[in-house]
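Counting from 1, position 86 in the sequence shown corresponds to residue 136 in the working numbering; the numbering is continuous, with no gaps. For each residue, glycine too, the CB sits at the ideal point set by N, CA and C. Predicted, not measured: the structure shown is a model, and the values here were computed from it.
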Amino acid sequence: MSEIIRTKALILQAIRWQDSSKIVSFYTEEEGLVKLIVRGALRNKSPLAGKLESLSEVSVLYYKKDTRSLQILKELDMIDPHHVLRTDYRRYPFVLAMLELIRATLEEGHGDVVFYRFLMQMISGTEQSAHPENMLIFFMLKLTSYLGFKVDFTDCFGQKHPQCLQEINTFSLNEGRRVCTDCYRLGGYLERFDKSELIYLQNLQKSHYRRIGLSEYHHREWKPIIGKLLRYINLQLETEISLHSLEMML
Ligand SMILES: [Zn+2]
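Below, the structure is given as structure tokens:
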């Protein structure tokens with residue numbers, strides 16, 4: 051039994067496979083993460099030459115057979131190659147980091163139209179943002195919610211009032227919440243966030259995604275913030291994701 055799937059998709063990564071083919075990872079609107087074999091993609095006269103770059107939004111058609119893990123691409127049409135963003139060296143790494151996170155954290159075969167559209171909004175927002183790092187940090191916060199471990203920066207999770215509310219800058223990677231010295235003994239992995247970081251993150255969390263790109267607040271020291279959120283994601287998922295696309299900047 052096979053099912054015809056036609057869906058919008060974002061190209062996450064394409065790797066060479068056998069002599070003239072590629073295996074392409076897509077984040078699709080209908081089916082979530084999908085890997086497709088693209089036969090003959092590397093042949094000189096392939097109509098797909100140049101169309102398999104990361105970040106291109108395309109429409110794909112393939113037959114889905116549950117008996118095999120790799121499906122074969124039948125058709126691909128370009129929707130938006132995101133040319134401008136791809137040559138924008140200040141912004142491009144941040145969207146690539148989003149794609150890396152998608153690839154590393156989501157499971158195959160779980161489509162989510164709302165999250166797909168959110169990702170597309172994040173990409174077009176980054177294209178226009180004066181602070182592209184805001185977009186990635188916002189995306190990371192939303193991703194943690196989506197994956198079921200939303201971060202809460204409001205108060206200590208130990209909740210031993212009133213001491214709990216005195217100190218604010220230690221954060222438990224296990225709980226995804228702040229923790230005061232009194233509650234330290236609950237153990238686990240801790241991170242420090244200074245006050246300006248906490249205010250920044252709380253503001254971002256409260257913002258509407260359409261306004262992030264235009265938002266005026268930002269944090270000059272955004273690199274450590276991304277590092278801390280990444281450690282949080284890695285601890286929660288027991289992964290070792292590193293954002294290669296940001297290595298030049300971090
Ligand atoms: Zn406490």
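Could you tell me whether the segment 277-295 touches the segment 131-139, where touching means 3 or more Cβ pairs closer than 8 Å? The segment 277-295 and the segment 131-139 do not touch, with fewer than 3 CB-CB distances between them shorter than 8 Å.
Candidates T176, V164, K58, F199: closest to S106 by CA position: Residue K58 is the option with its Cα nearest to S106.
Y250 in three-state terms, based on DSSP: In this structure, Y250 counts as helix in the three-state DSSP scheme.
A91 by DSSP, collapsed to three states: which one? In the structure shown, A91 sits in coil (DSSP, three-state: anything other than H, G, I, E or B).
When we look at the beta-carbon of K278 and count the other beta-carbons within 10 Å, is it buried (16 or more) or exposed? Label assigned to K278: buried.
Based on DSSP bridge pairs, tell me the residues matched to I65. Answer is I73, bridged to I65.
Less than 8 Å between the C-beta atoms of Q255 and L191, yes or no? Taking 8 Å as the Cβ cut-off, Q255 and L191 qualify as a contacting pair.
My output table needs one value for R270: the three-state DSSP class, helix, strand or coil. The three-state reading of DSSP puts R270 in coil, since its state is none of H, G, I, E or B.
With distances taken between CB atoms, is the gap from A147 to L240 smaller than 8 Å? At a Cβ-Cβ threshold of 8 Å, A147 and L240 do not count as neighbours.
According to DSSP, M115 sits in a beta bridge with which residue or residues? The sequence given here has Lys at residue 115, not Met. Partner(s): none; K115 has no beta bridge.
Whole-angstrom Cβ separation of Y166 and Y77, contact assumed at under 8 Å? With a Cβ gap of about 7 Å, Y166 and Y77 count as contacting.
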